[in-house]
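Q:
In this note's numbering, the protein residues as written are 742 to 916.
Take a look at the structure:
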């Protein structure tokens, strides 16, 4: 996960910031030279589009790290590898759209690397559930009690554990 986010940041994040700096300079230069209002407006529209893309990019990076859990962050439903793969693929497509829209360079192939690692990233969810099922099987619990543990008790314990290990505890608790 770290390497995927690192490569995305070094490629797309860096390129978006570089493009933003270039646009700011062009706008400043156009204002200094008292260019036609149409040119300035066009640059401002490009700047707004870029800002929206930066926000979308940041959401994508956040969603990559938050979707790799056995429970959905927003509704605590149980997740499977298939759910996580679909979410990661949606994120990859969104990042590809940003890349295409702004004609960005991707020297580190961050998007391709994300696509190549979707299955291995999402596999951790099924591994976690296999471990849970194995632990519960050794306890010889009733079926209803096992369901209660999986669907109600584990999400609370899981998120409390993760909230205690993160600096963004308020974000997790709010969700």
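Glycine residues also receive a C-beta, built at the ideal position from the N, C-alpha and C atoms.
Just so you know, these numbers come straight off a predicted model, no measurement behind them.
At the level of alpha carbons, what is the spacing between residue 790 and residue 839?
A: 10 Å
Q: Measuring only the C-alpha atoms, how far is residue 764 from residue 787?
A: 8 Å
Q: Hey, how far is the Cα of residue 886 from the Cα of residue 895?
A: 12 Å
Q: With the cut-off set at 9 Å, would you say residue 823 and residue 859 are in Cβ contact?
A: no
Q: Counting along the chain, where does the alpha helix (DSSP H) carrying residue 866 start and finish?
A: 851-880
Q: In the structure shown, what three-state DSSP assignment does residue 819 receive?
A: strand
Q: Tell me, please, which residues DSSP counts as bridged to residue 812.
A: 819
Q: Among 746, 744, 747 and 756, which residue has its Cα nearest to the Cα of residue 844?
A: 756
Q: Three or more beta-carbon pairs under 8 Å between the stretch 771-784 and the stretch 810-820, yes or no?
A: no
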